[in-house]
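K.L.:
2 protein chains.
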Amino acid sequence: MSDTPETVLVEHVLDAISDQRLRAGTKLGEQALSDLFSCNRAHVRRALATLAAYQVVDLIPNRGAFVSTPSEDEARDVFQARRAIEATIIRNVVRRADEADIASLRAHLATEDSIRSQNDRPKAIRASRAFHMLLAKIGRNSVLEHYLAELTMRTSLIIGLYGSNAASLCSDDEHARIVQSIADRDEARAQEMVDHHLRHIEGEIAFGEEAPRVGPLSMILSPDRATG
Amino acid sequence: MSDTPETVLVEHVLDAISDQRLRAGTKLGEQALSDLFSCNRAHVRRALATLAAYQVVDLIPNRGAFVSTPSEDEARDVFQARRAIEATIIRNVVRRADEADIASLRAHLATEDSIRSQNDRPKAIRASRAFHMLLAKIGRNSVLEHYLAELTMRTSLIIGLYGSNAASLCSDDEHARIVQSIADRDEARAQEMVDHHLRHIEGEIAFGEEAPRVGPLSMILSPDRATG
DNA sequence: GTAACATAAATTGTTAACAATTTAAACAGA
DNA sequence: TCTGTTTAAATTGTTAACAATTTATGTTAC
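Respectively, the protein sequence lines represent chains A and B. Here the first sequence stands for residues 5 to 232, where the numbers follow my numbering. Here the second sequence stands for residues 5 to 232, where the numbers follow my numbering.
#1: Does the distance from the C-beta atom of VAL71 (chain B) to that of VAL61 (chain B) stay below 8 Å?
#2: Does the beta-carbon distance from ALA131 (chain A) to ILE142 (chain A) come in below 8 Å?
#3: Compute the distance between the beta-carbons of ILE186 (chain B) and LEU109 (chain B), then report whether it is under 8 Å.
#4: Could you name the residues of the same chain whose beta carbon sits closer than 7 Å to that of ALA140 (chain B), not counting the 5 residues immediately before and after it, in chain order?
#5: Going by the CB atoms, is the gap between LEU32 (chain A) and ALA69 (chain A) shorter than 8 Å?
#6: At the level of alpha carbons, what is the spacing between GLU78 (chain B) and GLY164 (chain B)?
#7: When the Cα atoms are used, what is the spatial distance from ASP228 (chain B) to GLN184 (chain B)?
#8: Skipping 5 residues on each side, what residues in its chain have a beta carbon closer than 7 Å to that of GLY29 (chain B)?
#9: Go ahead and label GLY167 (chain A) buried or exposed: buried means 16 or more other beta carbons lie within 10 angstroms of its beta carbon, across all protein chains shown.
#10: What's the C-alpha gap between GLU90 (chain A) and PRO126 (chain A)?
#11: Which residues in the same chain have their Cβ closer than 7 Å to the Cβ of THR115 (chain A), if we skip the five residues on either side of it in sequence?
#12: Any Cβ of chain A within less than 8 Å of the Cβ of LEU148 (chain B)?
#13: ARG86 (chain B) to ALA210 (chain A), Cα distance in whole Å?
#14: Within the present structure, is the beta-carbon of ALA51 (chain A) separated from the nearest heavy atom of the ligand NAD by less than 7 Å?
#15: Is VAL62 (chain A) helix, strand or coil when you go by DSSP?
#16: If you run the structure through DSSP and keep just helix, strand and coil, what is ILE21 (chain B)?
#17: Of all Cβ atoms in chain A, is any one closer than 8 Å to the Cβ of ILE89 (chain B)?
#18: Within the same chain, show all residues whose beta-carbon is closer than 7 Å to that of VAL97 (chain B), passing over the 5 residues directly before and after it, in chain order.
#19: Quick check: GLN84 (chain B) and ASN145 (chain A), are their CB atoms within less than 8 Å of each other?
#20: Which term fits GLU154 (chain B), buried or exposed, when burial requires 16 or more other beta carbons within 10 angstroms of its beta carbon?
#21: Look up LEU32 (chain B) in the DSSP assignment and say whether it is helix, strand or coil.
#22: Please name the residues in the segment 32 to 53 of chain B whose beta-carbon is closer than 9 Å to at least one beta-carbon of chain A, in chain order.
#23: Quick one: complete alpha helix (DSSP H) runs, 4+ long, within the segment 82 to 126 of chain A?
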């Protein structure tokens with residue numbers, strides 16, 4: 005892909021959101037961002053417009069840009085949309101995945117397993133999301149893949165806002181069962197597993213809780229961080 | 005909603021695309037747009053970034069912005085995504101629609117009927133799209149509603165590119181049957197009707213055909229046009 | 001000590017000028 | 001007439017300066 009300042013900025017912010025380093029409500033000041041990414045404010049403003057279109061940033065006139073804070077209703081809509089989209093994705097996967105795809109899924113399960121033993125929460129969150137995005141990729145529908153990318157980021161915001169500490173991580177167990185039903189080419193079961201998995205995640209969210217605020221932008225968004 | 009120059013510009017371009025006044029491949033020059041909407045180029049660039057994020061505009065570095073030209077593969081992905089999303093939407097509608105909602109659907113059918121007799125193709129296209137968006141609204145899931153808005157616009161581009169002249173309009177007949185099954189609270193039938201309807205539209209597309217080019221931007225995008 | 005107000009700082013919004021690149025046009029040579 | 005080159009025009013990209021608004025600070029009155 006291209007490598008414009010806008011793209012770099014957008015990708016970094018999206019990564020930070022999906023890793024839950026950037027939390028809902030955080031202000032994204034223009035000066036701060038243009039300093040961090042050593043570009044001018046015009047670039048920043050364009051990038052923020054893009055992020056706003058992705059619905060992970062709210063643009064408030066004369067006030068600036070803020071990481072969006074999903075309401076409870078919005079959160080439920082996001083999860084229902086995920087179920088709708090991932091149901092079709094998993095159907096595509098069962099029908100289209102070849103042996104190499106299934107191998108990559110198993111490899112990913114192993115990675116998740118090893119990460120789980122490290123107790124590195126941000127890393128675990130990233131790997132969990134990556135599993136769902138890997139499914140989307142194997143499903144080979146670029147439109148659904150793009151929407152799922154957006155929805156998983158919004159899910160990260162939601163879990164960061166309302167999620168209980170213990171919960172809010174995909175259990176490797178459920179991921180493994182999903183992969184097994186793909187390998188078995190059991191479409192109905194795979195769909196049911198994914199649906200159950202998503203409802204499980206949603207069920208663990210405790211609406212009403214509060215979210216701790218977070219450190220300065222420079223700690224969260226340093227551009228020299230690996231893009232993973 | 006807010007009334008910034010960016011918003012106005014985005015809305016007008018989206019309307020023009022969904023009405024098929026703006027066709028795939030049309031160049032959206034910065035000067036032309038800033039003249040048309042009497043704003044400066046900074047506004048135009050921000051608006052174009054938003055439209056690019058909506059995936060209805062391609063931004064090519066140093067070349068400018070163009071209405072995006074969906075490939076055949078992309079078109080199939082768009083239709084599959086629509087089936088996935090509208091399946092859930094129609095389920096929501098059957099479960100959540102009250103009498104007023106059903107009345108508004110019947111009213112819309114009447115409007116479509118009267119428009120059909122006028123032989124005004126752009127008007128018919130707009131009304132057809134409005135039916136699907138009305139369903140999305142009644143379904144009361146703002147995330148799915150937003151995605152359907154994007155997908156129906158991309159559908160307009162696809163039909164404008166590949167659609168045969170005769171076809172490519174939702175038949176009122178199918179819309180009427182959908183409304184009837186909603187009124188009957190027949191979830192399975194409603195879902196089947198919507199799925200069939202979307203496959204019908206997709207089936208009438210003739211990939212391989214070419215699209216005629218189109219007149220100047222000023223004719224297509226005059227900002228004083230009603231937004232209705 | 002608190003509330004309301006005035007002032008200063010910081011941030012966002014707007015505009016214009018200039019540089020770099022691409023596109024179109026003019027032109028010369030074969 | 002066609003091809004390739006050079007020149008000019010138009011378009012996009014970049015930057016900085018300034019205006020308007022919001023936020024923070026400090027002061028005064030009660």
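We put the beta carbon where it would ideally sit given N, CA and C, even for glycine. Values in this document were obtained by computation on a predicted structure and should not be read as measured data.
P.N.:
Checking against the coordinates, here is how it stands:
#1: To locate residue 71 (chain B), count along the second sequence from 1; it is residue 67. To locate residue 61 (chain B), count along the second sequence from 1; it is residue 57. The answer is yes: Cβ separation under 8 Å.
#2: Taking the first sequence and counting its residues from 1, the one referred to as residue 131 (chain A) is at position 127. Taking the first sequence and counting its residues from 1, the one referred to as residue 142 (chain A) is at position 138. No, the Cβ-Cβ distance between ALA131 (chain A) and ILE142 (chain A) is not below 8 Å.
#3: Against the second sequence, residue 186 (chain B) aligns to sequence position 182. Against the second sequence, residue 109 (chain B) aligns to sequence position 105. The answer is yes: Cβ separation under 8 Å.
#4: Working through the second sequence from its first residue, we reach residue 140 (chain B) at position 136. Excluding residues within five positions, the ones whose Cβ falls inside 7 Å are ILE93, LEU148, GLU149 and LEU152.
#5: To locate residue 69 (chain A), count along the first sequence from 1; it is residue 65. To locate residue 32 (chain A), count along the first sequence from 1; it is residue 28. The answer is yes: Cβ separation under 8 Å.
#6: As a first step, residue 78 (chain B) is located in the second sequence; it is residue number 74 there, counting from the start. As a first step, residue 164 (chain B) is located in the second sequence; it is residue number 160 there, counting from the start. Using only the alpha carbons, I get a separation of about 14 Å.
#7: The residue labelled residue 228 (chain B) in the question sits at position 224 within the second sequence. The residue labelled residue 184 (chain B) in the question sits at position 180 within the second sequence. Confidence at ASP228 (chain B) is low in this model, with a pLDDT of 46, below 50, so the placement of that residue should be treated as unreliable; the coordinate-derived value is given next. Each residue's Cα considered, the two are about 38 Å apart.
#8: For the purposes of this step, residue 29 (chain B) is taken as the residue at position 25 of the second sequence. Excluding sequence neighbours, GLY29 (chain B) sits near PHE70, VAL71 and THR73.
#9: Translated into positions along the first sequence, residue 167 (chain A) becomes position 163. Counting Cβ neighbours within 10 Å, GLY167 (chain A) comes out buried, since at least 16 surround it.
#10: By 1-based counting over the first sequence, the position of residue 90 (chain A) is 86. By 1-based counting over the first sequence, the position of residue 126 (chain A) is 122. The straight-line gap from Cα to Cα measures roughly 23 Å.
#11: Taking the first residue of the first sequence as 1, we reach residue 115 (chain A) at position 111. Residues of the same chain with a CB within less than 7 Å of the CB of THR115 (chain A), apart from the 5 flanking positions on each side, are ALA131 in chain order.
#12: Within the second sequence, the letter at position 144 stands for residue 148 (chain B). LEU148 (chain B) counts as touching chain A.
#13: Counting from one through the second sequence, the residue named residue 86 (chain B) turns up at place 82. Counting from one through the first sequence, the residue named residue 210 (chain A) turns up at place 206. Computed Cα separation, rounded: 31 Å.
#14: Absence of the ligand NAD is noted for the structure shown, with no ligands found whatsoever.
#15: The count along the first sequence starts at 1 and reaches residue 62 (chain A) at position 58. The question names Val, yet the displayed sequence has Asp at residue 62 (chain A). Three-state DSSP puts ASP62 (chain A) in a strand.
#16: The residue given as residue 21 (chain B) occupies position 17 in the second sequence. ILE21 (chain B): helix per DSSP, three-state reduction.
#17: Stepping through the second sequence from its first residue, residue 89 (chain B) is reached at position 85. Chain A contact via Cβ: present.
#18: Taking the second sequence and counting its residues from 1, one reaches residue 97 (chain B) at position 93. The residues are LEU139, ILE142, GLY143 and ILE186.
#19: Indexing the second sequence from 1 puts residue 84 (chain B) at position 80. Indexing the first sequence from 1 puts residue 145 (chain A) at position 141. Contact flag set, yes.
#20: In the second sequence, the residue the question calls residue 154 (chain B) occupies position 150. Its Cβ being crowded by 16 or more others within 10 Å, GLU154 (chain B) is buried.
#21: Here residue 32 (chain B) refers to the residue found at position 28 of the second sequence. Note: LEU32 (chain B) maps to strand in three-state DSSP.
#22: For the segment 32 to 53 of chain B, residues whose beta-carbon sits nearer than 9 Å to a beta-carbon of chain A comprise ALA46, ARG49, ARG50, ALA51, LEU52 and ALA53.
#23: Inside the segment 82 to 126 of chain A, DSSP marks whole alpha helix (DSSP H) runs of 4 or more residues at positions 103 to 120, from first to last along the chain.
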